[in-house]
Structure formats: C-alpha cells, structure tokens
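Undergrad: This is the structure I have questions about; it appears just below.
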Amino acid sequence: MKSAFVRLAILGTEQKVLLLLIFLGVVIRFYNVITASAIDMDGIEYVSAARDFIAGRFGKALSAIRLPAFPAAIAFFHFFVPDIELAGRVVSLVFGLLLIVLCFRFARQLWGEEKAYWLAAFVAIHPYLIEYSARVLSESLATFLFAGSFFFFYQGWVTGNTRRFFWAGAFLTFAYLTKPEYIIYFLPLSLVLLWHERKARNIPTFLACCVLVAFTFLIYLRLHTGFWIIDRKMLSWGGQGQQSSMFSYLAHVISAPAVLKNIPVVFYHFCEAIYLPFLFLAFVGFKRADSSFVALALMLVASHIFGRSFILHATKRYSLEFAPIIMVFAMNGVGTARNYLTRFSYGKPLSAILLFVMAGVLLFEGIAFPNYGRQMEKKAGLMLRASGEGKSIASRLPILAFYADGNWTNLEAMLQEARTCEDLQTVLLSKKIGYVVVDNKIERSFPFIKDCTPNLPVFAYLKNGKEQMRIYRRAGS
C-alpha cells in the first residue's frame, strides 16, 4: 500500500489528471449499476439461459437462442450475487473495469506508460463503454474478449511470441461464444499469418482453441438443429419449418444490392459507436500508429462492416467492440493535437480546457438516466410477484412478466389477431391469460381495447409523468 502511494506521488501532473478521469469513469459505472431502471429485453433471454445453467439444465442452456458464454458468466456470478439481474449487471461491470486494465497493460508493454494512461483514460470515459458496463447485455464481456484477442495477436505479431497467438485464438473463441459475429475474424487473421511465411507456422496455435471449443459447439448445433449454423438465430432467416437442407437458410440472405446499400449504414453506426471526439483524434493520430497495427485494424474493420451489412438491422451497439482498438489511434492523436495547440501562446491552458470539456461531456453522456416507462414495468411486475399472482400475463413488453416471475404473452400480437372484444375474450380464455396490461402505446395503437376493459377489475393503476399503465385481472382467473 505504501509503495502504491509513493508511486502515485511521483507521477506527473498529466498522469494524475488521467488517473482522475479513470477514477470518474469507474465511479459512473458503479453509479449506473446501482441506479439501473430495469432489465433490457435481450437481457431477459440471457437471464433465462443463466437460470438453466444454475438449475443444471445444460442442454437447454446450450440450446437457447443466445450463445452460452454470457449466461454462463451470469450463472457463475450468481453464486456470489443472489439477485440474478444484479449478477448480470455485475458481470458487465467487472469486464468493463477489466477492459480498462487490459488496455493499460498492453499499451504500457507496447508503447510505454505515458500512452498507456491516455488509452486507459479514453476507454474509461467512453460513454458507450460506460453505458454497457451496467446493462444485462453481452457487449461488455464481448468487447473485453475481442480487445484481448486483438492485442494478443498484435503483440505476437511484433514479438514473435507463439503463446500470444494461442491466447489471441482463445480470447476470440470465447468472444464467438458470446456474440456469433466474432467467428468471422478467424478467417482474415489466419490469412494474415498465412501471407507471412515465417509466421504461418503459428496458424495451428492460433486456431487450436477454435477447433477444440468453437468447432465442437458448431457440431453440437448441427446435431441438435440439422443445420450448419453459428447460432440459433440464423434459423429465423427463412423460417425453420420451411428449410429442407442443412444450408437452405442461406437462400434467405439479403441480396447483393441490399448488402451494398447497407454498407454506408453500418459504417455510420460504426462511427457513432466510436464517438465524434475520438474519431477526430483517431484521424489526426492515424499516421503515428505502427503500420502493422494499422493494417490489422483496417482489415478487421473492413471485415466487420462487410459482414454486418448482410444483416439489415444495424446499431452502434454492434460496433462497440472496436472502440478500444480505435482508441489506440486516438491515443496517438493526442501528441499531434498537442503539438498543433502549442503553436499558440496559450496552447497549454487551451489543451487543458479542451481536455476537461471533452471529458465532462463524455462522462455526462455515460450517465444512465431513469427510464420511467421501464421503471413502471418493473414496479408492476414486483407488485404481482409480491401478491403471489400474475403467473400468466399479456403485455406489450416481457419486462413486467420477468419481474412477476410469470409467463408472458405478446399483447400486441394478440390484438392484431383479435380485432373485436369478443375475439379478444376468446383468445384470453384459450391462452388462460390471468392479467392484461394496457399502457399508453397499446391504447394508441388499438383504440378498441377501451371498449373491452370496463368490465374487467383493475388490479393496479400506475402513472409516472405522461406514462401510465393499467393492470386488469381477467374475470375467472
């Protein structure tokens, strides 16, 4: 402890400021976990698979629509954190913090301590990395694993250390078991090794974990689905029941013109995920980066943008894993920006002001503010759970049923099918629905539901600002 204080005392002013930024980034991550509104809808699927792991239903957990690494991590942390939702948030928090440590250690080994502080600070204050460090989503774990894989691979490339290639492959394998799209990066990285004659001998080492673990999982999926797929969501591309051969789902991949149109969209969301100030610093620091690092980064970015273009749905969330890698260019851009600003008579104070303004904006953007609609869903679900009721719930979102520990039915789909009150009553009866949850959006989308609910007893009425919700108990339930 004493040596740590001594080391802190001898740090320069710049490094102390960067340590402060890292500390503030960590504090906001903890704050977001503590003040979280409600679980994400994708998080419900992760928690469901985690419960299967906890109960020993490994076959069911491995057959879930979500890949198993993140649910398995939630199940492990659940041994120490009784609340399973909080366990999921703690998983994201821990790997969000480990990402800062990982970036600092690799940067210090590769480029020196001064740049390591800058890289760690940038990762610590990146608003989206802060945000996803508190959500029950796989982004934090996946970003940590992908960044580790990339840095291990690059370190192996520049040092020739064979073990680094093994760890790069191992991290990338578990990144695939977290999010399916990471499996594509084995191809370009293997081709890079194959292209360099002296490094081609490292290909078996790099692919060892992929063959032993990832390929085993692919065979498992093949045996249980009859298709060669990288995750079960691929079966929805064309409808599982309509597929006749083990590769027939590929017939439903979007057309080449649609892919070309989607490339600019994916690129836009990629830039959005990196964030504008870091994009600017990365642009000015591009020439300062090592040519090998530039080549590897550009190759993986191109693979990512092209690969994601085959999927019509694109958001910044799917490009977040590249943020730590692009931060390396931003780290190099600091020197370029500083040299430019020092040309002016007030260059140093101007640099400090710009740093604090940028950091303040980024940290503020990283704060998760309450989502009142989701808070109402959570409150209503907990009310039903406390009353010992609510085992069969029809609502717009599954969040309420998750907190009520009940079975969920999609009310929107039900109302689209039943366009009259008589039809609705018939569907509710056939599905044995006990509670119907009507919120603002349901009332706006299906006005006729107001004529169907006057005779239903109201279990609870919740209101928060403009958001309101009524929970009706179906007669006879």
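Going from the sequence shown to our numbering is simple: count from 1 and add 34. Even for Gly, the Cβ is constructed at its ideal location relative to N, Cα and C.
(1) Taking C-alpha atoms, which residue in Thr-193, Ala-95, Phe-178 and Phe-199 lies nearest to Phe-187?
(2) Using a C-beta cutoff of 8 Å, does Gly-319 count as contacting chain D?
(3) Whole-angstrom Cβ separation of Glu-215 and Arg-342, contact assumed at under 8 Å?
(4) Run through DSSP, which three-state label would Arg-139 get?
(5) Just tell me which of Gly-415, Thr-460 and Ala-452 has its CA closest to the CA of Val-471.
(6) Is the beta carbon of Pro-491 sitting closer than 8 Å to the one on Arg-504?
(7) Could you pull out every residue in the same chain whose Cβ sits closer than 6 Å to the Cβ of Ile-56, ignoring the five residues on either side in sequence?
(8) Can you check which of these residues, Ala-438, Gly-59, Leu-257 and Phe-180, is closest to Phe-356 by C-alpha distance?
(9) Does Val-115 come out as helix, strand or coil in the three-state DSSP assignment?
(10) Between the C-alpha atoms of Leu-201 and Lys-213, what's the straight-line distance to the nearest angstrom?
(11) Less than 7 Å between C-beta atoms, sequence neighbours within five positions excluded: which residues of the same chain meet that for Phe-39?
(12) Hey, out of Ser-174, Arg-197 and Gly-182, whose CA is closest to Ala-141's CA?
(13) Would Leu-496 and Lys-413 qualify as a contact pair, given that the criterion is a beta-carbon distance under 8 Å?
(14) Would Lys-233 and Leu-227 be called neighbours here (beta carbons separated by less than 8 Å)?
(15) Is the separation between the beta-carbon of Ala-121 and that of Val-115 shorter than 8 Å?
(16) When we look at the beta-carbon of Leu-175 and count the other beta-carbons within 10 Å, is it buried (16 or more) or exposed?
(17) Taking all protein chains shown into account, do 16 or more other C-beta atoms lie within 10 angstroms of the C-beta of Asp-485, making it buried, or fewer, making it exposed?
(18) Drop a sphere of 10 angstroms on the beta-carbon of Tyr-80, count the other beta-carbons inside from all chains shown, and report buried for 16 or more, exposed for fewer.
(19) How would you write the range of the beta strand (DSSP E) that Trp-442 sits in, first residue to last?
(20) So who's on the other strand from Ile-427, going by DSSP bridges?
(21) Check whether the Cβ atoms of Pro-105 and Ala-84 sit closer than 8 Å, and answer yes or no.
(22) By the three-class DSSP mapping on this structure, what secondary structure does Ile-73 have?
(23) Since I believe Tyr-254 is in contact with Leu-96 (beta carbons under 8 Å), could you give me their beta-carbon distance rounded to a whole number of angstroms?
(24) Let me know if Arg-139 comes out buried or exposed under the rule of 16 or more other beta-carbons within 10 Å of its beta-carbon.
(25) Looking only at its own chain, which residues have a Cβ that is under 8 Å from the Cβ of Asn-498, when we skip the five neighbours before and after it?
(26) Applying the criterion that 16 or more other CB atoms from any shown protein chain within 10 Å of the CB defines a buried residue, is Trp-229 buried or exposed?
(27) What are the complete beta strand (DSSP E) segments, minimum 3 residues, inside the segment 342-414?
(28) Anyone know if the C-beta pair for Val-124 and Phe-111 falls short of 8 Å?
(29) Which class does Ile-505 belong to by DSSP, given the choice of helix, strand or coil?
(30) Buried or exposed: where does Thr-47 fall if 16 or more other Cβ atoms within 10 Å of its Cβ makes it buried?
(31) Where Tyr-166 and Asn-66 are concerned, what is the direct C-alpha to C-alpha distance, given to the nearest angstrom?
(32) As a quick exercise: from Ala-209, Leu-241, Asp-265 and Val-328, pick the residue whose alpha carbon is nearest that of Phe-364.
(33) Helix, strand or coil for Val-492, going by three-state DSSP, please let me know.
(34) Output needed for His-160: all residues of its chain with C-beta closer than 6 Å, excluding positions within five of it in sequence on either side, in chain order.
(35) In three-state DSSP terms, what is Lys-213?
(36) Using 10 angstroms around the beta-carbon of Gly-203, count the other beta-carbons present and answer buried if the total reaches 16, otherwise exposed.
TA: So, from the data block:
(1) Phe-199
(2) The structure shown contains no chain D; it is built from a single protein chain.
(3) 7 Å
(4) helix
(5) Gly-415
(6) no
(7) Ala-154, Ala-155 and Ala-158
(8) Phe-180
(9) coil
(10) Contrary to the premise, residue 201 reads as Trp rather than Leu in this sequence. Cα to Cα, Trp-201 sits roughly 18 Å from Lys-213.
(11) With a pLDDT of 48 at Phe-39, under the threshold of 50, the modelled position of this residue cannot be trusted, and the question is left open.
(12) Gly-182
(13) yes
(14) yes
(15) yes
(16) buried
(17) exposed
(18) buried
(19) 441-444
(20) Trp-442 and Tyr-469
(21) yes
(22) coil
(23) 7 Å
(24) exposed
(25) Tyr-406, Gly-407, Gln-409 and Met-410
(26) exposed
(27) none
(28) yes
(29) strand
(30) exposed
(31) 9 Å
(32) In the sequence on display, residue 364 carries Ala and not Phe. Closest by alpha carbon: Val-328.
(33) strand
(34) Ala-357
(35) coil
(36) buried
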